[in-house]
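**Q** Following this message is one structure expressed as structure tokens.
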Amino acid sequence: MPTEKPTRSTRDRILDAAHALMRTIGLARTTTKEIARAAGFSEAALYKHFSSKEELFVQVLEERLPPLGPLLNELGADPGDRSVHANLAEIATRAALFYESSFPIAASLYADPTLLRRHHRATQALGTGPRKPVEALARYLRAEREAGRIRPGADPDAAAALLLGACAQRAFLYDFQGGERPEQPLDDFASAVARTLLEGVG
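Its first residue numbered 1, the sequence shown is counted upward by one per residue in the UniProt record's numbering.
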């Protein structure tokens, strides 16, 4: 007897609708009313699960985009047995995919300074924001420095900013060029960025 597919929860359907709208028309133009309508619910039902559009945005980043935060937190707590290069290459791969997915969603915020300030305040209140991956990567690099796997004088904050900045720049170029894939494959890019960074801190 075939088993029935589990019904997606209200929360999941709202997140799916929010992700689809934010990806296609941008965060600035997406409203909670449109999200609720696309999900097939009332706006009141949406607010039973999410306190604001900003919270929805944060949850879309965490639950619908390629995961970056969990890996960074895991490595910051325990660098593991793999080489520093392997860890940094995996971080670069995930970061490039994360920024590639998030850039089209968030870019529209920069056209509206008032909305940008509101989102900045809201993400701060939620304990998140674009600085979090940089801080988490810096924690990981400090753990590697304490373990003696990178040099004592290395600057974890600067190194984290360099690696993630390179990944964000790749995503910007990808989006600016209309989704045209960069000539350098992602695996090659991630390995090269990790290797170049290690030449400075290793």
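By construction, the Cβ of each residue, glycine as well, lies at the ideal position given by its N, Cα and C atoms.
Since this is a predicted model, take the numbers as computed values, not measurements.
Report the start-end ranges of each alpha helix (DSSP H) in the region 64 to 118 that is 4 residues or longer and not cut off at the edges.
**A** Complete alpha helix (DSSP H) runs here, min 4: 69 to 77, 84 to 106.
**Q** Would you call the region 162 to 173 and the region 95 to 104 touching, i.e. three or more CB-CB distances under 8 Å?
**A** Flag = yes, the region 162 to 173 and the region 95 to 104 touch.
**Q** Could you check the C-alpha separation between A154 and H119 for me, to the nearest Å?
**A** Cα to Cα, the separation comes out at about 34 Å.
**Q** Which residue's Cα is closest to the Cα of M22: E90, A106, R8?
**A** Answer by Cα proximity: A106.
**Q** Determine, using beta carbons only, whether A111 and A194 come nearer to each other than 8 Å.
**A** No; because the gap between Cβ atoms is not below 8 Å, this pair is not in contact.
**Q** CA-CA distance, F41 and S52?
**A** Their backbone Cα atoms lie some 16 Å apart in a straight line.
**Q** Indicate the three-state DSSP secondary structure (helix, strand or coil) for E146 in the structure shown.
**A** DSSP places E146 in helix when its eight states are reduced to three.
**Q** Under three-state DSSP, which class holds Q184?
**A** Coil.
**Q** Would the region 60 to 72 and the region 124 to 135 be scored as touching if the rule is three or more Cβ pairs under 8 Å?
**A** Yes: at least three Cβ pairs fall under 8 Å.
**Q** Among the residues of its own chain, which have a CB less than 7 Å from the CB of L186, if the five just before and after it don't count?
**A** Excluding residues within five positions, the ones whose Cβ falls inside 7 Å are T93, A96.
**Q** Buried or exposed for P156, going by 16 or more other Cβ atoms inside 10 Å?
**A** It counts as buried.
**Q** Use the C-beta contact count for S102: other C-beta atoms within 10 angstroms, 16 or more gives buried, fewer gives exposed.
**A** S102 is buried by the Cβ-count criterion.
**Q** How long is the line joining the alpha carbons of L137 and A160, rounded to whole angstroms?
**A** So the two alpha carbons sit approximately 6 Å from each other.
**Q** So, with DSSP's three-state summary, where would you put L137?
**A** Correct three-state label for L137: helix.
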